[in-house]
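Worksheet: one structure, shown below.
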Amino acid sequence: MNKWFVRFLFPILGMTALILLIFGYFLYHFPFLTGRLPALVITLSLLYLFIALWTVAYLRRHLKPFDEILAMIKGLSKGHYWRRVYPPLSSGIGKELAVYANRLAERLQAVTEHQHIHADRLQAVIEHMASGLLFIDDKGRIVLTNNKLLELLKWSDPHHQQLYYESPLPETIIEMIQNTFTFEKEQQQEVTIEVGIKRIDLEVLVAPVLDPEGHNRGIVIVFHDITQLKKLERIRQDFVANVSHELKTPITSIKGFAETLLDGAMYKEEHLKHFLSIIHKEAERLHRLVEDLLQLSQIEQRRFGLNWQEVNLTEVLHNSLQVVRAKAEVKNIELIFMPPDEPAVVEADPDRVQQIVINLLSNAITYTPEGGEVRLSIDPWPDKGYRICVSDTGMGINKEEIPRIFERFYRVDWARSRASGGTDLGLAIVKHLVEAHRGEITVESEPGKGSIFCVYLYQKRQEQ
Numbered sequence: 001m002n003k004w005f006v007r008f009l010f011p012i013l014g015m016t017a018l019i020l021l022i023f024g025y026f027l028y029h030f031p032f033l034t035g036r037l038p039a040l041v042i043t044l045s046l047l048y049l050f051i052a053l054w055t056v057a058y059l060r061r062h063l064k065p066f067d068e069i070l071a072m073i074k075g076l077s078k079g080h081y082w083r084r085v086y087p088p089l090s091s092g093i094g095k096e097l098a099v100y101a102n103r104l105a106e107r108l109q110a111v112t113e114h115q116h117i118h119a120d121r122l123q124a125v126i127e128h129m130a131s132g133l134l135f136i137d138d139k140g141r142i143v144l145t146n147n148k149l150l151e152l153l154k155w156s157d158p159h160h161q162q163l164y165y166e167s168p169l170p171e172t173i174i175e176m177i178q179n180t181f182t183f184e185k186e187q188q189q190e191v192t193i194e195v196g197i198k199r200i201d202l203e204v205l206v207a208p209v210l211d212p213e214g215h216n217r218g219i220v221i222v223f224h225d226i227t228q229l230k231k232l233e234r235i236r237q238d239f240v241a242n243v244s245h246e247l248k249t250p251i252t253s254i255k256g257f258a259e260t261l262l263d264g265a266m267y268k269e270e271h272l273k274h275f276l277s278i279i280h281k282e283a284e285r286l287h288r289l290v291e292d293l294l295q296l297s298q299i300e301q302r303r304f305g306l307n308w309q310e311v312n313l314t315e316v317l318h319n320s321l322q323v324v325r326a327k328a329e330v331k332n333i334e335l336i337f338m339p340p341d342e343p344a345v346v347e348a349d350p351d352r353v354q355q356i357v358i359n360l361l362s363n364a365i366t367y368t369p370e371g372g373e374v375r376l377s378i379d380p381w382p383d384k385g386y387r388i389c390v391s392d393t394g395m396g397i398n399k400e401e402i403p404r405i406f407e408r409f410y411r412v413d414w415a416r417s418r419a420s421g422g423t424d425l426g427l428a429i430v431k432h433l434v435e436a437h438r439g440e441i442t443v444e445s446e447p448g449k450g451s452i453f454c455v456y457l458y459q460k461r462q463e464q
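Numbering (UniProt numbering), first residue to last: 1 to 464.
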């Protein structure tokens, strides 16, 4: 406001000085006015004082909106889009400017708020993406990363404003970025990288970002973590190979002995009975394998229902021991049952629980040498349910093998497992049946000393 005041006050004072000079000129050339000089001076002084005060008041009242508008515009330039001015009551250019200035501020505020909302949504989408995201500008600087990328590559720093070829990106990905900058063509490649002590499989997509004129504005890189998919693919390949091998062995045996019988051995009674018993044994093995495969497939695909009811675990475990007792006696293995002091009752499927225990006991007997010991016990699972443990004095399991023992057809000792006549699907079935009960299973093992498998079952049925 001071600037406007000075701008208009100085011309008024200058005009007043000019009039005083003219007044002096007339007094000099017209001496008869000298006698009236005091009255004229006082009159003119009062007149000009009144004019000056009225002018100042007028300017202050009419220029105040311009001052407020100017202050608001300065605020808008700094991003203060909420600022407004109150238009004067009287009409005129000041009021009109105030109205349009307020409309401009409202429009800028609405646009800015919309941009902020859009930016927040975009940021939320980027940060919650299941894939890693990296954006590099046309100068080769990293300008955008999301949390998933930092997690995948184990970066503690997003490396913003750092040149991509100076960042800790793997060499393979740096080369893909360089090729995309050079040829402006999208690239897609599966990459395996070392992150700490882990190896992760990534599907990396590198694409140029072009403006409407076709100029390169940067590069976007998307990292899909396919480690689990690769693992499942390897398991599937192993499964197909193992099934083929498991089927081939008994089929070859059956075919060979059948051909031997047809070639004349059938006419010798001692050969006939021996070969038929072998064929029967291999056929039984095939039957068990197919049955276990079908059962495992149903369990994995949840194509079965659990017969939920109250189950006395002591009774179920006692029955399970009777089923495997003959197998243990063949190897002179001592079976020890440690029942709980009080009845252990849970909501579960009794047949499936018995299947879990039988498979664990059979597995323990298989990998325990002759004269060994297998223990079966029930303990409380504090505030939740009960724990069923099967321990043995067998060969034990190496620490690195423990995560794989629940895979289909995985064998710790191929020769021992094959000699037992098992299908190597028992632990896989156990794992899925425990999960169907919403329970947990743990393994502790030490090579040369034995293993402990523990199944945790809730006392009350757990909803999905």
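C-beta: ideal position from N, C-alpha, C; glycine also. Just so it is clear, the structure is predicted and the values come from calculations on it, not from any experiment.
Q. Is the CB-CB distance between residue 294 and residue 355 below 8 Å?
A. As a first step, residue 294 is located in the sequence shown; it is residue number 294 there, counting from the start. As a first step, residue 355 is located in the sequence shown; it is residue number 355 there, counting from the start. No; because the gap between Cβ atoms is not below 8 Å, this pair is not in contact.
Q) Would you say residue 129 and residue 101 are within 8 Å of each other, going by their C-beta atoms? A) Here the question's residue 129 lines up with position 129 in the sequence shown. Here the question's residue 101 lines up with position 101 in the sequence shown. Not a contact, by the Cβ cut-off of 8 Å.
Q.
Please return the same chain residues whose Cβ sits closer than 6 Å to the Cβ of residue 373, not counting the five positions on each side in sequence.
A. Working through the sequence shown from its first residue, we reach residue 373 at position 373. The beta carbon of residue 373 lies closer than 6 Å to those of 334 and 393 in the same chain, with the five residues before and after it left out.
Q.
Which residue marks the beginning of the beta strand (DSSP E) containing residue 444, and which one marks its end?
A. Position 444 of the sequence shown holds residue 444. Where residue 444 is concerned, the enclosing beta strand (DSSP E) stretches over 440-446.
Q.
Strictly by DSSP, which residues pair up with residue 116?
A. As a working mapping, residue 116 is identified with position 116 in the sequence shown. Answer is none; residue 116 lacks a bridge partner.
Q. Do residue 191 and residue 205 have their C-beta atoms closer together than 8 Å?
A. By 1-based counting over the sequence shown, the position of residue 191 is 191. By 1-based counting over the sequence shown, the position of residue 205 is 205. It is not a contact, given that the beta carbons lie outside the stated cut-off.
Q: Could you pull out every residue in the same chain whose Cβ sits closer than 7 Å to the Cβ of residue 365, ignoring the five residues on either side in sequence?
A: As a working note, residue 365 is residue 365 in the sequence shown. Cβ within range, chain order: 324, 327, 328, 331, 333 and 374.
**Q.** Expected contact under 8 Å - CB spacing of residue 468 and residue 385 to nearest Å
**A.** The question about residue 468 has no answer, for the chain in this structure spans 1 to 464.
Q.
So for residue 342, helix, strand or coil by DSSP?
A. Against the sequence shown, residue 342 aligns to sequence position 342. Correct three-state label for residue 342: coil.
(Q) Just to confirm before moving on: does the CB-CB distance between residue 317 and residue 388 stay below 8 Å? (A) Your numbering for residue 317 matches position 317 in the sequence shown. Your numbering for residue 388 matches position 388 in the sequence shown. Using a Cβ distance threshold of 8 Å, residue 317 and residue 388 count as a contacting pair.
Q | residue 164 versus residue 111 - alpha carbon distance | A | On the sequence shown, position 164 is the one that residue 164 refers to. On the sequence shown, position 111 is the one that residue 111 refers to. Pairing residue 164 with residue 111, the inter-Cα distance amounts to about 34 Å.
Q) Near residue 467, what residues of its chain come up, given a Cβ to Cβ distance below 8 Å and the 5 sequence neighbours on each side ignored? A) Examination of residue 467 is not possible in this model, given that the chain is present from 1 through 464 alone.
Q. Which value, in whole angstroms, describes the spacing of the CA atoms of residue 345 and residue 314?
A. Taking the sequence shown and counting its residues from 1, the one referred to as residue 345 is at position 345. Taking the sequence shown and counting its residues from 1, the one referred to as residue 314 is at position 314. Residue 345 and residue 314 have their C-alpha atoms spaced approximately 8 Å apart.
Q. Do the stretch 211-219 and the stretch 173-188 make contact, defined as three or more Cβ pairs closer than 8 Å?
A. A contact exists between the stretch 211-219 and the stretch 173-188.
Q | Residue interval of the beta strand (DSSP E) (run including residue 216) | A | As a working note, residue 216 is residue 216 in the sequence shown. That run of the beta strand (DSSP E) goes 216-225.
Q) Leaving out five residues before and five after residue 360 in sequence, what residues of the same chain have Cβ atoms less than 7 Å from its Cβ? A) As a position in the sequence shown, residue 360 is number 360, starting the count at 1. Exclusion of the five residues before and after residue 360 leaves 390, 430 and 453 as the residues of its chain whose Cβ lies within less than 7 Å of its Cβ.
Q) Are there 16 or more other CB atoms within 10 angstroms of the CB of residue 403, so buried, or fewer, so exposed? A) Residue 403 sits at position 403 when you count from the first residue of the sequence shown. Residue 403 is exposed by the Cβ-count criterion.
**Q.** residue 278 versus residue 357: straight-line alpha-carbon distance, rounded
**A.** Locating residue 278 in the sequence shown gives position 278, counting from the first residue. Locating residue 357 in the sequence shown gives position 357, counting from the first residue. Their Cα atoms are separated by approximately 29 Å.
Q: List the whole-angstrom C-beta distance separating residue 162 from residue 142, where the pair is believed to meet the contact cut-off of C-beta under 8 Å.
A: Sequence index remark: in the sequence shown, residue 162 carries index 162 (1-based). Sequence index remark: in the sequence shown, residue 142 carries index 142 (1-based). Their Cβ separation, rounded to whole angstroms, is 5 Å, which keeps residue 162 and residue 142 in contact under 8 Å.
Q: Please classify residue 124: is it buried, with 16 or more other beta-carbons within 10 angstroms of its beta-carbon, or exposed?
A: Looking up residue 124 in the sequence shown gives position 124. Taking a 10 Å sphere around the C-beta of residue 124, we find fewer than 16 other C-beta atoms and assign the residue as exposed.
Q: Check the C-beta distance from residue 223 over to residue 297 and give it rounded, since I have them as a contact under 8 Å.
A: As a first step, residue 223 is located in the sequence shown; it is residue number 223 there, counting from the start. As a first step, residue 297 is located in the sequence shown; it is residue number 297 there, counting from the start. 34 Å between Cβ atoms; not a contact.
(Q) Within the continuous alpha helix (DSSP H) that includes residue 320, where are the two ends? (A) Counting from one through the sequence shown, the residue named residue 320 turns up at place 320. Residues 313-330.
Q) What are the start and end residues of the beta strand (DSSP E) that includes residue 390? A) In the sequence shown, the residue the question calls residue 390 occupies position 390. Taken as a continuous stretch (DSSP letters only), the beta strand (DSSP E) holding residue 390 covers 385-392.
Q | Nonlocal neighbours in the same chain, by C-beta distance under 7 Å from residue 462, ignoring five residues either side | A | Working through the sequence shown from its first residue, we reach residue 462 at position 462. The answer, listed in chain order, is 438.
Q: Take residue 343 and list the residues in its own chain whose beta-carbon comes closer than 8 Å to its own, dropping the five residues that flank it on each side.
A: Start at 1 with the first residue of the sequence shown, and residue 343 comes out as number 343. Within the same chain, residue 343 has close Cβ partners 312 and 314.
Q | Coarse secondary structure for residue 54, derived from DSSP in three states | A | Against the sequence shown, residue 54 aligns to sequence position 54. Helix.
Q) With burial defined as no fewer than 16 other Cβ atoms inside 10 Å of the residue's Cβ, what is the status of residue 116: buried or exposed? A) Taking the sequence shown and counting its residues from 1, one reaches residue 116 at position 116. When all chains shown are included, residue 116 counts as exposed.
Q. The beta strand (DSSP E) with residue 426 in it runs from where to where?
A. What you label residue 426 is simply residue 426 of the sequence shown in a count that begins at 1. Boundaries for residue 426: no beta strand (DSSP E) harbours it, while the alpha helix (DSSP H) harbouring it runs 426-436, taken from the DSSP string.
Q. To the nearest angstrom, how far is it from the Cα of residue 126 to the Cα of residue 146?
A. Here residue 126 is taken as the residue at index 126 of the sequence shown, counted from 1. Here residue 146 is taken as the residue at index 146 of the sequence shown, counted from 1. One C-alpha to the other measures close to 6 Å.
Q: Pick out whichever of 435, 401, 428 and 211 has its Cα sitting closest to the Cα of residue 444.
A: Translated into the one-based positions of the sequence shown, residue 444 becomes position 444. Residue 401 is the option with its Cα nearest to residue 444.
Q: Check the DSSP bridge columns for residue 145 and list the partner residues they point to.
A: The count along the sequence shown starts at 1 and reaches residue 145 at position 145. Residue 145 pairs with 134.
Q: Report all residues from its chain with a CB closer than 6 Å to the CB of residue 144; omit the five preceding and five following residues, and keep chain order.
A: On the sequence shown, position 144 is the one that residue 144 refers to. 135, listed in sequence order.
Q: Report the rounded CA-to-CA distance for residue 285 versus residue 159, giving the unit in angstroms.
A: Locating residue 285 in the sequence shown gives position 285, counting from the first residue. Locating residue 159 in the sequence shown gives position 159, counting from the first residue. In this structure, the CA atom of residue 285 is about 60 Å from the CA atom of residue 159.
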